[in-house]
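**Q** Note that this note's numbering has the first sequence beginning at 3, numbered continuously upward.
Glycine included, each C-beta is placed from N, C-alpha and C at the ideal position.
Remember, it's a predicted structure, so these values are computed and weren't measured experimentally.
The following block contains the structure, expressed as structure tokens.
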Amino acid sequence: MPELPEVETARRGLAPAMEGARFAKVEVRHRGLRWPIAKDFEKRITGKTVEGLGRRAKYLLADLSSGDVLMMHLGMSGSFRVDDGQIAKYHHEKSKSAAHDHVVFHMSNGATVTFNDPRRFGSMKLVPRARLEQEPLLRSIGPEPLGNEFDAAMLARACAGKKTSLKAALLDQRVVAGLGNIYVCEALFRARLSPKRQASTIAGRNGKPNARATALVEAIKTVLHDAIKAGGSSLRDHRRADGSLGDFQHNFLVYDREGAPCPACKGKVKRIVQTGRSTFYCPSCQK
DNA sequence: ACCTCGACCTGCAAGC
DNA sequence: TGCTTGCAGGTCGAGG
């Protein structure tokens, strides 16, 4: 479950199980995530209390009583599952993916939080809170798209002078945080902008925002809000932390809809490849 | 400094 | 029924 709406949905699902609770026991069954989980990981968090669970871009950030922040990224295929102890057995029997349960947090309140990630592109890392500002993984990440400070002027400034496509620019986490392949495609369609357009064309001379930048910011905020409200998107068998499915995949207008009629003009949705990744768009609506 | 591309992994669906 | 191929919600780091 990896773009901003899915990570935010995960955060909201995990918060009741983790906030205010201690790590009673921590099991690391596979250390080989994107980066190896440090040897002292279990020792450093066992017995510590989760004071708060936040999110920055696609990272979950758990504030611990030790002064560390636990940074967690879901990669392409990561997900969290919360079992309250009563239904744990039921879930275990239903789930054939237990083979990829790499990290299990047994919380002091009886909840079990399991990180599952078949492809292991996800990551977990401890960083002292005081050093979070300098953390290389977070340092160059751009503005939160749902924050008040993210507006057309900011997006235009970030895109000014960029020779790349608008699609590639929006996927760049330094330009804006949290967007991925789905929501970039969906936002561009809603803003009626071509993914192939040069990124700099949403800024006027001297980096001032134009109408395209305004429409794009509006589209990004709307699609992310709507997706969060729907509990994110569930592709394949992905689930929310409580086991339920997200719903936003039913609201895709272009993503994964190659050949389907464009919801606006009834032309055909096209699939192209940009910087190695699929882009879905309507060539007649999006200019 | 910018940009593209390969690499990291597993699983699944489509094609032969 | 297999086997092969291509594709998948990310992003770091090497190389042009």
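1) In angstroms, rounded to a whole number, what distance separates the CA positions of A19 and V52?
2) Determine which residues share a DSSP beta bridge with F107 and list them.
3) Please specify which runs of the alpha helix (DSSP H), each continuous and at least 4 residues long, are wholly inside the region 188-246, giving them in chain order.
4) What's the gap between the Cα of F107 and the Cα of A26?
5) Cβ atoms of A154 and P211: under 7 Å apart, would you say?
6) How would you label M78, buried or exposed, when you count the other beta carbons within 10 angstroms and need 16 or more for buried?
7) By Cβ distance below 6 Å, which residues in the same chain neighbour R46 in space, the five residues on each side in sequence not counted?
8) By a C-beta neighbour count over all protein chains shown, 10 Å radius and 16 as the cutoff for buried, is G269 buried or exposed?
9) Identify the residues that DSSP records as bridge partners of A158: which are they?
10) Tell me the DSSP secondary structure of I274 in three-state form.
11) List, from N- to C-terminal side, the beta strand (DSSP E) runs of 3 residues or more that fit wholly inside the region 46-94.
12) I'd like the list of long-range same chain contacts for R33, defined as Cβ closer than 7 Å, with 5 residues on each side in sequence excluded.
13) DSSP on P263, reduced to helix/strand/coil?
14) Apply the 10 Å Cβ neighbour rule to D239 and answer buried if 16 or more other Cβ atoms are within range, or exposed otherwise.
15) With three or more C-beta pairs closer than 8 Å as the rule, is the region 53-67 touching the region 137-145?
16) Compute the Euclidean distance between the alpha carbons of M73 and L218, then round it to the nearest angstrom.
17) Alpha carbon to alpha carbon, how far is G245 from K96? Give it in angstroms, no decimals.
18) Who are the near neighbours of I204 in its chain, counting only those whose CB is closer than 8 Å to its CB and skipping five residues on each side?
19) From E135 to R31, what distance separates their C-alpha atoms?
**A** Quick answer:
1) If you take the alpha carbons of A19 and V52, they lie about 10 Å apart.
2) V28, V115
3) 213-231
4) 8 Å
5) yes
6) exposed
7) L128
8) exposed
9) Looking at the DSSP assignment, A158 forms no beta bridge with any residue, so it has no partner.
10) strand
11) 52-58, 61-66, 70-75, 81-85
12) Within the same chain, R33 has close Cβ partners I39.
13) strand
14) exposed
15) Remark: three or more beta-carbon pairs, one from each stretch, lie closer than 8 Å, so the region 137-145 and the region 53-67 are flagged as touching.
16) 30 Å
17) Because the pLDDT at K96 is just 43, under 50, the model does not fix this residue reliably, and the point stays unresolved.
18) L157, A158, C161, L168, L195, P211, N212, R214, A215, L218
19) About 30 Å.
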